[in-house]
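When we follow the numbering used here, the leftmost residue of the sequence shown carries the number 4, and every step to the right adds one. Beneath this line is the structure, given in structure tokens, with notes to follow.
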Amino acid sequence: MNSCDCYILRGDIYLLDYAKSHEGYGDSYGDNYGGGTSESYAGVMAGNAVLQVNLNQNELIKVSRTGLDFTGCAYPDLTGSTIEMSLLCTSMKNLALAFRGSSSTQTSPVVTVTDEVYTAPYDDGFLEGSFVRFANPVDPSTVVLQRSDDSTVLILGTDYTVDSLGFVILSGLPSGVDILADYTSVSKEIISIEAFLEQPKIFKITIVGTNVSADEEERFVYTFKKVRLSAQTNSFDVLNDDFPELTFNGTILRDQLAEFNKSPFLTVEKIA
Numbered sequence: 004m005n006s007c008d009c010y011i012l013r014g015d016i017y018l019l020d021y022a023k024s025h026e027g028y029g030d031s032y033g034d035n036y037g038g039g040t041s042e043s044y045a046g047v048m049a050g051n052a053v054l055q056v057n058l059n060q061n062e063l064i065k066v067s068r069t070g071l072d073f074t075g076c077a078y079p080d081l082t083g084s085t086i087e088m089s090l091l092c093t094s095m096k097n098l099a100l101a102f103r104g105s106s107s108t109q110t111s112p113v114v115t116v117t118d119e120v121y122t123a124p125y126d127d128g129f130l131e132g133s134f135v136r137f138a139n140p141v142d143p144s145t146v147v148l149q150r151s152d153d154s155t156v157l158i159l160g161t162d163y164t165v166d167s168l169g170f171v172i173l174s175g176l177p178s179g180v181d182i183l184a185d186y187t188s189v190s191k192e193i194i195s196i197e198a199f200l201e202q203p204k205i206f207k208i209t210i211v212g213t214n215v216s217a218d219e220e221e222r223f224v225y226t227f228k229k230v231r232l233s234a235q236t237n238s239f240d241v242l243n244d245d246f247p248e249l250t251f252n253g254t255i256l257r258d259q260l261a262e263f264n265k266s267p268f269l270t271v272e273k274i275a
């Protein structure tokens, strides 16, 4: 058969900041500045996902006050409608969204460091099993550690182990003894997320999917015009045996800038 009235949809989700959803290509100066069309750009892929919609529709009556010949009109209001979106891709962008965080990227410098001081914890000193992180990622083969009190060089494998991020103390040191480190740092990209510094974000959400139950290709595009997403709502396994999921609840909002005769909430398209 050429078409299928039912579907099993598989596809991807694309997110676009709502503030940019009515802008032209490559600009940030307002509605359609520069002549671009907002409908052609769907945003950045958030990865495979599961998305469910809970619609809560009310009819609102707008009363006409212009005379008896005009009876006013009713229009649907989806206030209270929600989506639940579970992302199966734990990228740094998705984590920033999940933790409502501010993301920044920097590159660590390549420098040779001599006698960098790592101060001992007060009272206890460096206990066995302590982890100490380097100021920058390093080449482990260049690391030399020594005690601050008598300049004794610590022995790799006996006194400590080391990798590019830091070293672990295998044999504890007396209280008040600092560690001096020599090493050469390496260039690494470091992406940091400072969590819960951002307000909930509003997105245009586009789902591009394929009906896997059809004999011939059928594509579906769902466009949610304006959705406010929460931070993640599920438990999150930081250390885990499988890929974690990021689940968000979102509120469907009315897009006040929707074009005439187009839904301000949701558009569904089938292309076959």
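Beta carbons: idealized from backbone N, C-alpha and C, even for Gly. None of the values given here were measured: they were computed from a predicted structure.
With 16 other Cβ atoms within 10 Å as the buried cut-off, status of G14 | Classification for G14: buried.
Touching or not, the region 226 to 244 and the region 172 to 184, by the rule of three or more beta carbon pairs under 8 angstroms?
-> No, they do not touch.
DSSP beta-bridge partners of K23 = Secondary-structure assignment with DSSP links K23 through no beta bridge to anything.
If you compare alpha carbons, which of L269, L100, N214 is closest to R257?
-> Comparing Cα-Cα distances from R257 to each of L269, L100, N214, the minimum goes to L269.
First and last residue of the uninterrupted beta strand (DSSP E) at N97 | N97 -> not in any beta strand (DSSP E); alpha helix (DSSP H) instead, spanning 95 to 101.
What is the DSSP secondary structure of S151, counted as helix, strand or coil?
-> The DSSP-derived three-state label of S151 is coil.
Return the Cβ separation of I193 and S111 in integer angstroms, given the expectation that the two are a contact with Cβ distance under 8 angstroms.
-> Separation of the CB atoms of I193 and S111 is rounded to 6 angstroms, and the pair is thereby assigned contact status at 8 angstroms.
Smallest Cα separation from F206: which of L81, V141, A49?
-> The residue with the shortest Cα to Cα distance from F206 is A49.
Give the single residue among N57, Q149, S94 whose Cα lies nearest to the Cα of N252.
-> When the alpha-carbon of N252 is set against those of N57, Q149, S94, the nearest one is in N57.
Any 3 or more C-beta pairs closer than 8 angstroms across the region 163 to 177 and the region 199 to 217 | The answer is no - the region 199 to 217 does not touch the region 163 to 177, with fewer than three Cβ pairs under 8 angstroms.
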